[in-house]
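Enquirer:
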Amino acid sequence: MRGSERVLGSAIEAIGETPLVKLSRIARNLDGAILAKLDHLNPGFSKKDRIARQIIEDAEAQGSLKPGQTVVELTSGNTGTGLAIVCGVKGHPFVAVMSKGNSAERARMMSALGAEVILVDQMPDSRPGQVSGEDLKRVEEQAQRIVAERAAFRADQFRLAGNFRAHYLHTGPEILRQTGGALDAFCDFVGTGGTFAGCAAAFKEHNPSILCFIVEPEGAAVLAGKPVSDPSHRIQGGGYSMADLPLLRREHVDGYLQVSDERALTCARRLAREEGIFAGFSSGANVAAVLDLLRGRCKGKTIVVTVCDSGLKYLSTDLWA
Ligand SMILES: Cc1ncc(COP(=O)(O)O)c(C=O)c1O
Numbered sequence: 149m150r151g152s153e154r155v156l157g158s159a160i161e162a163i164g165e166t167p168l169v170k171l172s173r174i175a176r177n178l179d180g181a182i183l184a185k186l187d188h189l190n191p192g193f194s195k196k197d198r199i200a201r202q203i204i205e206d207a208e209a210q211g212s213l214k215p216g217q218t219v220v221e222l223t224s225g226n227t228g229t230g231l232a233i234v235c236g237v238k239g240h241p242f243v244a245v246m247s248k249g250n251s252a253e254r255a256r257m258m259s260a261l262g263a264e265v266i267l268v269d270q271m272p273d274s275r276p277g278q279v280s281g282e283d284l285k286r287v288e289e290q291a292q293r294i295v296a297e298r299a300a301f302r303a304d305q306f307r308l309a310g311n312f313r314a315h316y317l318h319t320g321p322e323i324l325r326q327t328g329g330a331l332d333a334f335c336d337f338v339g340t341g342g343t344f345a346g347c348a349a350a351f352k353e354h355n356p357s358i359l360c361f362i363v364e365p366e367g368a369a370v371l372a373g374k375p376v377s378d379p380s381h382r383i384q385g386g387g388y389s390m391a392d393l394p395l396l397r398r399e400h401v402d403g404y405l406q407v408s409d410e411r412a413l414t415c416a417r418r419l420a421r422e423e424g425i426f427a428g429f430s431s432g433a434n435v436a437a438v439l440d441l442l443r444g445r446c447k448g449k450t451i452v453v454t455v456c457d458s459g460l461k462y463l464s465t466d467l468w469a
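Oh and the sequence shown: position 263 is 411 in the working numbering, straight run, nothing missing.
1. What residue from S172, L213, I451 has the CA that sits closest to S357's CA?
2. Considering only residues of the same chain and omitting the five flanking positions on each side of K352, which have a CB-CB separation below 8 angstroms?
3. Quick one: what does DSSP say L168 is sitting in, helix, strand or coil?
4. Does the Cβ of R198 have 16 or more other Cβ atoms within 10 Å, making it buried, or fewer, making it exposed?
5. Helix or strand or just coil, what does DSSP make of L246?
6. Under the three-state reduction of DSSP, which class applies to K435: helix, strand or coil?
7. Taking DSSP as the reference, what is the three-state secondary structure of K185?
8. Less than 9 angstroms separating the beta-carbons of A433 and P365?
9. Tell me, please, which residues DSSP counts as bridged to G403.
10. Would you say the beta carbon of K195 comes nearer than 8 angstroms to a heavy atom of ligand 1?
11. Looking at the structure shown, is L467 part of a helix, part of a strand, or coil, going by DSSP?
12. Relative to the alpha-carbon of A181, which residue among P375, F334, N355 has its alpha-carbon at the smallest distance?
13. Reducing DSSP to helix, strand and coil, say where E253 ends up.
14. At a cut of 8 angstroms, does the region 451-468 reach the region 420-428 through at least three beta carbon pairs?
15. Which two residues bound the contiguous beta strand (DSSP E) that contains I266?
16. Should the region 233-250 be called in touch with the region 334-347, which here means at least 3 C-beta pairs below 8 angstroms?
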């Protein structure tokens with residue numbers, strides 16, 4: 149737990165307990181409130197630090213991860229950064245397997261934190277900065293090969309309950325505490341679906357009338373059941389055109405929203421300029437989706453979103469050009 153009033157034992161304890169901030173400027177002409185969970189303030193500058201800690205601590209508790217055993221994971225950079233921090237502190241070698249389509253800052257940061265980073269070529273027709281489901285399949289093949297070669301523990305973020313549990317036990321309950329339970333809706337741009345699934349389960353358990361919405365890229369809204377017209381989009385960290393996400397519970401989904409690259413980008417810039425919150429594309433996508441909700445189905449309501457990662461991770465892209 150983050151605690152300014154005491155000395156923490158390691159950076160792992162500084163994960164979570166992030167602030168919740170009202171976006172009064174972005175919402176100024178709208179009926180309703182946007183509350184943003186500043187998870188880009190975690191030690192690795194993303195919400196995925198939370199799942200790194202939970203997956204590793206769950207595996208240690210279950211005995212599936214032995215002291216000093218190598219950890220491997222497929223990552224768009226954020227889970228890998230979290231794992232590099234947690235594994236570094238706990239003494240596990242960590243191998244991050246990532247598509248070359250993700251921004252270079254991510255690979256550099258993981259290396260700086262002691263990870264071995266293996267970059268996987270994109271498909272011939274893919275573009276840098278746009279990681280498709282097909283690109284991800286290649287990364288998955290490499291990850292599986294390295295796990296077998298090194299008898300490693302796979303910190304499988306798409307399947308392991310630790311991803312769900314991190315948000316069910318912490319992110320969701322933190323938001324409920326910070327709002328006093330006074331929230332009407334939540335929406336989240338989905339990658340593995342861990343954040344959505346964990347928070348939605350915590351919220352619905354507290355009050356089943358809290359509405360939970362999934363956010364997807366406009367041309368790759370497979371969870372909404374739409375055909376994929378453009379699997380390459382710029383919202384890094386999710387929107388992988390995977391219709392079957394093992395951690396997702398459809399009974400907690402109240403609706404699906406789509407956001408274009410342009411709107412995600414515009415809202416990330418608005419977050420920075422108007423609210424002083426320096427975040428990435430997916431946080432912009434979340435804010436764009438909330439604006440749609442406040443103008444439509446959730447007029448007058450209080451809606452929570454996560455600020456998924458830091459804008460520092462996109463300095464090499466044209467997000468801040
Ligand atoms: C920047 C960013 N946004 C959104 C997500 C999606 O979060 P989740 O995997 O919990 O659905 C991720 C996941 O890696 C991410 O890195």
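Beta carbons: idealized from backbone N, C-alpha and C, even for Gly. Bear in mind that the values here come from a model prediction, so they are computed numbers and not experimental data.
Expert: According to the structure data:
1. Locating residue 357 in the sequence shown gives position 209, counting from the first residue. If we check each option's Cα against that of S357, I451 comes out closest.
2. Within the sequence shown, numbered from 1, the residue matching residue 352 stands at position 204. Within its own chain, the residues whose Cβ lies closer than 8 angstroms to the Cβ of K352, once the five positions on either side in sequence are excluded, are I358, C360, H400, listed in chain order.
3. Looking up residue 168 in the sequence shown gives position 20. When secondary structure is reduced to three states using DSSP, L168 falls in the strand class.
4. For this step, residue 198 is matched to residue 50 along the sequence shown. Result: buried.
5. Start at 1 with the first residue of the sequence shown, and residue 246 comes out as number 98. For the record, residue 246 in the displayed sequence is Met; it is not Leu. Looking at M246 - three-state DSSP - the assignment turns out to be strand.
6. Position 287 of the sequence shown, counted from the start, is the residue given in the question as residue 435. Position check: residue 435 holds Val in this sequence, whereas Lys was assumed. In the structure shown, V435 sits in a helix (DSSP, three-state: H, G or I).
7. Working through the sequence shown from its first residue, we reach residue 185 at position 37. K185 falls in the strand class under three-state DSSP.
8. Stepping through the sequence shown from its first residue, residue 433 is reached at position 285. Stepping through the sequence shown from its first residue, residue 365 is reached at position 217. Note that the C-beta distance between A433 and P365 is below 9 angstroms.
9. In the sequence shown, residue 403 corresponds to position 255, counting from 1. DSSP, once it has assigned bridges, lists F361 as partnering G403.
10. In the sequence shown, counting from the first residue as 1, residue 195 sits at position 47. Indeed, a heavy atom of ligand 1 lies less than 8 angstroms from the Cβ.
11. As a first step, residue 467 must be located in the sequence shown, where it is residue number 319. In the displayed model, L467 falls within a helix according to three-state DSSP.
12. Against the sequence shown, residue 181 aligns to sequence position 33. For the set P375, F334, N355, the Cα lying nearest the Cα of A181 is the one of F334.
13. Numbered from 1 along the sequence shown, position 105 holds the residue referred to as residue 253. The three-state secondary structure of E253, taken from DSSP, is helix.
14. Counting Cβ pairs under 8 angstroms, three or more are found: they touch.
15. Along the sequence shown, read from residue 1 onward, the residue named residue 266 stands at position 118. Looking at the DSSP string, the run of the beta strand (DSSP E) that includes I266 is 264-268.
16. Contact annotation: the region 233-250 does not touch the region 334-347, with fewer than three C-beta pairs closer than 8 angstroms.
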